[in-house]
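Asker: Here the protein sequences line up with chains A and B, keeping their order. So in numbering that gives the first Met the number 0, the last one in the first sequence is 138, and the numbering has no gaps at all. So in numbering that gives the first Met the number 0, the last one in the second sequence is 138, and the numbering has no gaps at all. Handing you a structure now.
There are 2 protein chains.
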Amino acid sequence: MTASDILDHHQVKKTTPRVALIQAMQEARVPLSENEIKERMGELYDRATFYRSVQTLSSAGIIHRIVADNVMVKYALNNCENGHHHQVDHAHFFCRQCHHLYCLKSIKVQTLDLPSGFVDEEHDLVIRGICDQCNSQLK
Amino acid sequence: MTASDILDHHQVKKTTPRVALIQAMQEARVPLSENEIKERMGELYDRATFYRSVQTLSSAGIIHRIVADNVMVKYALNNCENGHHHQVDHAHFFCRQCHHLYCLKSIKVQTLDLPSGFVDEEHDLVIRGICDQCNSQLK
DNA sequence: ATTCATTTGAAACATTGTTTCATTTGATTG
DNA sequence: CAATCAAATGAAACAATGTTTCAAATGAAT
Numbered sequence: 000m001t002a003s004d005i006l007d008h009h010q011v012k013k014t015t016p017r018v019a020l021i022q023a024m025q026e027a028r029v030p031l032s033e034n035e036i037k038e039r040m041g042e043l044y045d046r047a048t049f050y051r052s053v054q055t056l057s058s059a060g061i062i063h064r065i066v067a068d069n070v071m072v073k074y075a076l077n078n079c080e081n082g083h084h085h086q087v088d089h090a091h092f093f094c095r096q097c098h099h100l101y102c103l104k105s106i107k108v109q110t111l112d113l114p115s116g117f118v119d120e121e122h123d124l125v126i127r128g129i130c131d132q133c134n135s136q137l138k
Numbered sequence: 000m001t002a003s004d005i006l007d008h009h010q011v012k013k014t015t016p017r018v019a020l021i022q023a024m025q026e027a028r029v030p031l032s033e034n035e036i037k038e039r040m041g042e043l044y045d046r047a048t049f050y051r052s053v054q055t056l057s058s059a060g061i062i063h064r065i066v067a068d069n070v071m072v073k074y075a076l077n078n079c080e081n082g083h084h085h086q087v088d089h090a091h092f093f094c095r096q097c098h099h100l101y102c103l104k105s106i107k108v109q110t111l112d113l114p115s116g117f118v119d120e121e122h123d124l125v126i127r128g129i130c131d132q133c134n135s136q137l138k
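Right, here's the structure in full:
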């Protein structure tokens, strides 16, 4: 599905920066940091617009944010199958060496039985450490 | 156990700012943000020293950081029982309304079977949303 | 083509965290 | 108890991330 189609489908206004943002994420196929997105967007990138787009596209259920770390946030496209009320269902692994963020699809987030009155709007299971690639390079 | 005892016990040099930091956290009994700690420490607070203390005390296993949000980190004393190689074993709930961070001791983090080569140094299960108190006030 | 609400981009601002370096402090030793 | 010296502190400059304001541009609809 093209970036343009995605915006249409979610009834979000089609603008140049939004299309460029989605395309950057589609081409990467892994979660990207703001800086990585900036590099891919070139002169189409603007800081304020980027943060506003993130807001809009998150609310629309097109993308989601992953807080890898207090100083490292990554952004990824949603799987279309997940539909509108999107909750990420798998864990993420953030390598403190190479700063790569892995989607660990094999680790599903457990069912969360919250105390009554608490509403889960979003949740993250983030594991931080050293990834396999960096580990083998250290040896 | 006094702040002074804790530092002795973990063989960390006893300094005025470190003692004040630990005392602030002991009195609060809930995880605090930097700003809340700053208020409690008064003139004993200094930004650079605070961040260095957080580093030192975390490495020593005296405190731990909880990344509630990309722009909200909370700090809490470790339970002494948990010993040295401390991994937080429960979920946290962060209310986007009141910014309170709840330790949900009833929700234990599942066992994490990482792919081989990946090392879990720390992990967080953070749930974000609206807490019971804020929910009842909204009605 | 015209309209008009929405979005954009630039700049100023706020907050969080790090680094540098001269000064101070707190354990240790005599 | 005084001297020592590595370790820690505090102040300031810096870097990165995120927000707000407002005039100008744009895209969807008629």
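Beta carbons: idealized from backbone N, C-alpha and C, even for Gly.
According to DSSP, simplified to helix, strand and coil, what is A/I65?
Answerer: Strand at A/I65.
Asker: Which residue comes first and which comes last in the beta strand (DSSP E) that contains B/K104?
Answerer: Its beta strand (DSSP E) spans residues 100-107.
Asker: Could you check whether B/I129 and A/V72 sit closer than 9 Å to each other, using their CB atoms as the reference points?
Answerer: Cβ distance not < 9 Å, so A/V72 and B/I129 don't count as in contact.
Asker: What number of angstroms, rounded off, separates the C-alpha of B/H8 from the C-alpha of A/T55?
Answerer: Answer to the nearest angstrom: the Cα atoms are 50 Å apart.
Asker: Indicate whether at least one CB of chain A lies closer than 9 Å to the CB of B/C130.
Answerer: Interface residue, yes.
Asker: Let me know the secondary structure DSSP gives A/C94 once reduced to three states.
Answerer: Note: A/C94 maps to strand in three-state DSSP.
Asker: Anyone know if the C-beta pair for B/I65 and B/N77 falls short of 9 Å?
Answerer: No, the pair does not count as a contact, with Cβ atoms beyond the cut-off.
Asker: Which of the three DSSP states is assigned to A/L43 in this structure?
Answerer: Residue state, collapsed to three classes: helix.
Asker: Report yes if the C-beta distance between A/Q22 and A/A47 is below 9 Å; otherwise report no.
Answerer: No, these two residues do not count as a Cβ contact at 9 Å.
Asker: Anyone know if the C-beta pair for B/C102 and B/H89 falls short of 9 Å?
Answerer: Yes, they are a contact pair.
Asker: What does DSSP give as the partner residues of B/K32 in its beta bridges?
Answerer: According to the sequence provided, residue 32 of chain B is Ser. The question's Lys does not apply to it. Bridge partners of B/S32: B/K73.
Asker: Anything in the stretch 23-47 of chain B with a Cβ closer than 8 Å to a Cβ of chain A? List those residues in chain order, please.
Answerer: Under the 8 Å Cβ criterion, the stretch 23-47 of chain B contributes no residue.
Asker: So what's B/H8 in DSSP terms, helix, strand or just coil?
Answerer: B/H8 falls in the helix class under three-state DSSP.
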